[in-house]
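Engineer: The opening residue of the sequence shown carries number 1 in UniProt numbering; numbering runs sequentially from there.
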Amino acid sequence: MDASSTNSEIIKFCSSVPLDDHKRLGLRHSGAFSRVLRLSDDTVVKYGNDVTEVEARNQNFARCSLASSDVYVPSVLRFFTDQNTDIDKQKGYLVMEYIHGKELEPALYPYAITILTRTLDVMSSISGSRPGPCEGGARQGLLWSDEENEFSSVAEMEGWFNRRLHVTCGSSVSLQKLPLILCHLDIAPRNIIPRQDGRICLLDWSSAGFYPQIFEACVQRILRPRDSFHELVLDMYNFTSEEQQQIELICLAWKNSQERFFLPETETRSTRFMRQLDTKFSDEVGGPYPVPDPPVQKGQPFSKSSLAP
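Encoded structure:
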């Protein structure tokens, strides 16, 4: 099994590996809905329901943009989906270069921070005109709920946060004066591998895109209790007091988003599934699926208590 294997062969290989055998076969790390398997000495496949073409394009863009920096980005060999499954159940398969080495250990945190500081300066010079993934597509990552749609403008993104913020706070975020720059949005030890040439390899560009730089700090604030590394990353930035206030508000909006349900602005995979379920139920029994409509307006939250009789 290697990069020359067919899509069908790779799909079959991934589906044949028992979960408890992943480590033996080369699993480096995985997310909640993705896994990474070694195909050969120099090739790996990341696959799962949340592995998308957006991630592949992000990684390609970052590799080209950071080629002359101290950060190495693995090359993307190809991306494909399993066409033999329903579109809502399709897994993505990202075949890419395997990076030899171990993820960043605490003893090397200062070394990595030095390189990241220089790299973030380079990334801040790479700008975009529209918020979201590097070459368009649905946003992904820790900051966002599972809506799978795009922002058409900074104003729309600003409104997305403010709808979640205004549930508990009278203040608003103001993002339209902040430049959109290349951000990674998942800088963590598990995604950093020191290289023998003195550079570091930065993995997992699924959350990347053009966003205000304060978003990098927001993610680190959310992750901060997990590891001292996140404190070191936060210390790299020199934000103004106004930017610090924006970070606080965005983190509060994120917290509200975790604690409450907000109706999406457009149809998502989840709402499409519920609509299809309702249609199927209606066809079979002659009536709608018995789910109460929440008494809220578009873009507004509701709690479980609001569904009580």
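Where is the CB? At the ideal position from N, CA and C, for every residue including glycine.
Within the continuous alpha helix (DSSP H) that includes residue 159, where are the two ends?
Structural biologist: 154-165
Engineer: Taking 8 Å as the cut-off, decide whether the C-beta atoms of residue 45 and residue 95 are in contact.
Structural biologist: yes
Engineer: Do residue 249 and residue 167 have their C-beta atoms closer together than 8 Å?
Structural biologist: no
Engineer: Note down, in chain order, each residue of its chain lying with its Cβ closer than 7 Å to the Cβ of residue 231, except the 5 sequence neighbours on either side.
Structural biologist: 224
Engineer: Comparing C-alpha positions only, which one of 84, 12, 64 and 70 sits nearest to residue 76?
Structural biologist: 64
Engineer: So, is residue 244 buried or exposed, given that buried needs 16 or more other C-beta atoms within 10 angstroms?
Structural biologist: exposed
Engineer: Counting Cβ pairs, one atom from each stretch, are 3 or more of them under 8 Å apart for the segment 127-138 and the segment 176-191?
Structural biologist: yes
Engineer: Less than 8 Å separating the beta-carbons of residue 92 and residue 52?
Structural biologist: Contact annotation: residue 92 and residue 52 have beta-carbon atoms nearer than 8 Å.
Engineer: Name the DSSP beta bridge partners of residue 72, please?
Structural biologist: According to DSSP, residue 72 bridges with 201.
Engineer: What whole-angstrom Cβ distance do residue 73 and residue 62 have, given they're in contact under 8 Å?
Structural biologist: 5 Å
Engineer: Beta-carbon separation of residue 104 and residue 194 under 8 Å?
Structural biologist: Yes, they are a contact pair.
Engineer: From the DSSP output, which residues share a beta bridge with residue 91?
Structural biologist: According to DSSP, residue 91 bridges with nothing at all.
Engineer: What's the C-alpha gap between residue 43 and residue 113?
Structural biologist: 28 Å
Engineer: Taking only three categories from DSSP, how would you classify residue 195?
Structural biologist: coil
Engineer: Let me check one thing: in DSSP terms, what residues is residue 169 bridge-paired to?
Structural biologist: Its beta-bridge partners do not exist; DSSP assigns none.
Engineer: What residues match up with residue 135 in a beta bridge as DSSP calls it?
Structural biologist: None; residue 135 has no bridge partner.
Engineer: For a test of your reading of the model: does the CB of residue 58 fall under 7 Å from any non-hydrogen atom of the ligand FAD? Yes or no.
Structural biologist: The ligand FAD is not among the ligands present in this structure, which contains no ligands whatsoever.
Engineer: What residue range does the alpha helix (DSSP H) around residue 52 cover?
Structural biologist: Taken as a continuous stretch (DSSP letters only), residue 52 belongs to no alpha helix (DSSP H), as it is neither H nor E.
Engineer: Please report how far the alpha carbon of residue 106 lies from the alpha carbon of residue 189, in whole angstroms.
Structural biologist: 8 Å
Engineer: Grab me the residues of residue 309's own chain with a C-beta within less than 8 Å of its C-beta, minus the 5 sequence neighbours each way, in chain order.
Structural biologist: Low local confidence applies: a pLDDT of 40 at residue 309 is under 50, so the model's placement there is unreliable, and no value is given.
Engineer: Contact defined as beta carbons within less than 8 Å: I believe residue 98 pairs with residue 38. What is the distance between those atoms, to the nearest angstrom?
Structural biologist: 6 Å
Engineer: When we look at the beta-carbon of residue 16 and count the other beta-carbons within 10 Å, is it buried (16 or more) or exposed?
Structural biologist: exposed
Engineer: Decide if residue 313 is buried, meaning its Cβ has at least 16 other Cβ atoms within 10 Å, or exposed.
Structural biologist: Outside the shown range of the chain, which is 1 to 309, sits residue 313, and nothing can be said about it.
Engineer: Please identify the residue among 10, 214, 40 and 56 whose C-alpha is closest to the C-alpha of residue 138.
Structural biologist: 56
Engineer: Between the beta-carbon of residue 254 and the beta-carbon of residue 120, is there less than 8 Å?
Structural biologist: No, the pair does not count as a contact, with Cβ atoms beyond the cut-off.
Engineer: Could you tell me the distance, in whole angstroms, from the CA atom of residue 263 to the CA atom of residue 256?
Structural biologist: 13 Å
Engineer: Below 8 Å on the Cβ atoms is my contact criterion, and I expect residue 7 with residue 79 to pass it. Report the Cβ-Cβ distance as a whole number of Å.
Structural biologist: Not confirmed; about 10 Å, so no contact.
Engineer: Leaving out five residues before and five after residue 145 in sequence, what residues of the same chain have Cβ atoms less than 6 Å from its Cβ?
Structural biologist: 257
Engineer: Output the boundary residues of the alpha helix (DSSP H) element that contains residue 38.
Structural biologist: Per DSSP, residue 38 belongs to no alpha helix (DSSP H); it is in the beta strand (DSSP E), 34-40.
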